[in-house]
Amino acid sequence: MVVGKHRPTIETVDLEAISWNIQQIRKGLSPGKKFFAVVKADAYGLGAVPVAKKAKEAGVDGFCVALLDEAMELRENGLSDDFIMVVGPTEAEDAALIADNGISVAVTAAEWLEAALPYLQERKTELPVRVHLAIDTGMGRIGLRTVEEVQAFEARIAELDGFVFEGIFTHFATADGEDPTLVERQLTLFEEILQAMAQRPPIVHLANSAISLWHEAFRTDAVRVGIAMYGYNPSDTVLELPYELKPSVQLDTQISYVKQMHEGDTIAYGARYRAFEGEWIATLPIGYADGWRRDLRHQTVIVDGQRCPIRGVICMDQCMISLPKEYPVGTKVTLLGENGGLVNNPSEMAVTIDTIGYELLTGINARVPRVYK
């Protein structure tokens, strides 16, 4: 994708804020617990390589991604010896690539091991595939579900060469909510499975950002921290953060055009908005093709420390806003982040359009250049 370097729309990523958040979360963890930074989806849209390198400086113990390609991106950009785990499904035919690059992978059945065996003959090294068994305790996504299935898997992997049973994990469906019932049910099932195993794997992990913030006492060897590391509440507005986190994203643009309207003049496709007499309308060079979604049309942006409503529908490459007075072309406009003491927080904005902050962050695409500070 072409990066829009020749327009004033920029996403600034505060790497120091990410480092500070890691330290804050570390303070709340039990001694010796590993911290795996989740940098999947290009580090939630912020840039996986620069974020991972900063997280490593801040002392994290490894990284979690969703795709094998994401793991390879880290390996190919200087993170050659670090723990990297793919928490999503991988193809058995990639077993040699996985092993040669020392990547840990989620596995959901013994059948994956059997399918991977012939491909392991193509290895250039003697490294094994490091396996983390996924357990479905209530998320309904991937993983084994019963004690019997896990015991059968454990017995089979012990018979096979080329694999190391490195870890076991699950994922919680409601850890960011007010009702702990399902969380406790999932934890009970996971502990039953652990107790029924012949040997506890070296790395037991079940904690995402929400578990790390509000349920850290659960007995695990590692936490997998994503959205909280970037400074945002995984619960959006349901649960309060137990300690301060610093937002790491600032999305700014500039006014590209200003005009004064007459009563009844229309704005944007569908002519859904009609201006009032004398209203100042500014055009911004950002639209839904950049990830500034059409359903954000009822939100406000910030100009000179003042909230300015979006007018009309958001176009593919541009959108319009109402100004309290005339401002010159080139005036800074903040879509996400702080301006003049006011803040547009993606978690809070997301609630108004029935989504989550994660989606707003990951939605800002590569056409918007990233600047790191």
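For the sequence shown, the UniProt record's numbering begins at 1 and goes up steadily by one. We put the CB at the ideal spot given by N, CA and C, even for glycine.
Query, Result
"Which runs of the alpha helix (DSSP H) spanning at least 4 residues fall entirely within the segment 148-209, listed in chain order?", "181-196"
"With H, G and I counted as helix, E and B as strand and the rest as coil, what does DSSP make of Q24?", "helix"
"Just to check my reading of the structure: R311 and I353 have Cβ atoms closer than 8 Å, yes? What is that Cβ distance to the nearest angstrom?", "Not quite, the Cβ-Cβ distance comes to about 17 Å (not below 8 Å), so this is no contact."
"Let me confirm a value: H6 is counted as buried when at least 16 other C-beta atoms fall within 10 Å, else exposed. Which label applies?", "exposed"
"If you run the structure through DSSP and keep just helix, strand and coil, what is A17?", "helix"
"Ignoring anything shorter than 4 residues, give me the alpha helix (DSSP H) runs that lie fully in the segment 287-371, in order along the chain.", "346-352 and 357-363"
"Can you tell me where the beta strand (DSSP E) with V229 in it begins and where it stops?", "In the sequence as presented, Val is not what sits at residue 229; that position holds Met. Where M229 is concerned, there is no enclosing beta strand (DSSP E), given that its DSSP letter is neither H nor E."
"Beta carbon of N339, beta carbon of G305: below 8 Å?", "yes"
"Give every residue of the same chain whose Cβ lies closer than 7 Å to the Cβ of L360, excluding the five residues on either side of it in the sequence, and list them in chain order.", "P346, M349 and A350"
"Please list, in chain order, all residues of the same chain as E76 whose beta carbon is under 6 Å from its beta carbon, the five residues on each side excluded.", "none"
"Taking Cβ to Cβ, would you say W292 is nearer than 8 Å to I321?", "no"
"Given a cut-off of 8 Å on the beta-carbon distance, is the pair A196 and F169 in contact?", "no"
"For P180 and L206, I'd like the C-alpha separation in whole angstroms.", "15 Å"
"Write down every uninterrupted run of the alpha helix (DSSP H) in the segment 29-101 whose length is 4 residues or greater and which is fully enclosed by it, in chain order.", "40-45, 48-57, 68-75 and 95-100"
"Taking 8 Å as the cut-off, decide whether the C-beta atoms of H132 and M85 are in contact.", "yes"
"Let's see if you can read the secondary structure: which residues bound the alpha helix (DSSP H) around L113?", "A110 to L120"
"From I157 to K40, what distance separates their C-alpha atoms?", "28 Å"
"What's the C-alpha gap between D94 and N21?", "35 Å"
"Quick one: give me the first and last residue of the beta strand (DSSP E) that L127 is part of.", "Neither: L127 is in no beta strand (DSSP E) and is coded neither H nor E."
"Could you spell out the range, first to last residue, of the beta strand (DSSP E) harbouring D252?", "V249 to Q254"
"Please classify Y243: does DSSP put it in a helix, a strand, or coil?", "coil"
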